[in-house]
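Have a look at the structure below, then the notes.
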Amino acid sequence: MNATDILKRSGLKKSAQRIAIINILQNHLVPLKEDEIKDEMGEIYDRITFYRT
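Residues in the sequence shown are numbered from 1 upward in steps of one, following our numbering.
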């Protein structure tokens with residue numbers, strides 16, 4: 001299932017940040033810390049969106 005489908009099924013609005021977070025999590029086999037996700041997201045990282053997602 002892709003990020004857009006996950007957001008749609010969860011009733012969340014689609015945003016670049018949310019799509020990036022989901023894609024990053026789907027591409028790793030182990031849980032990631034916030035800092036690891038933040039590093040991969042670069043400048044589009046937003047802490048509020050991170051926790052709401």
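Where is the CB? At the ideal position from N, CA and C, for every residue including glycine. These numbers were taken from a predicted model, which means no experiment stands behind them.
- As the crow flies, the alpha-carbon of Ser-15 is around 21 Å from that of Lys-33.
- Taking the CA atoms as reference points, Val-30 sits about 11 Å from Glu-36.
- Nearest in C-alpha terms to Glu-43, of all of Gln-17, Ser-10, Met-1 and Leu-12, is Gln-17.
- Note on geometry: alpha-carbon atoms of Gln-26 and Arg-9 lie some 16 Å from one another.
- Sequence-distant Cβ neighbours of Glu-40 in its own chain, meaning closer than 7 Å and more than five residues away, are Ile-24.
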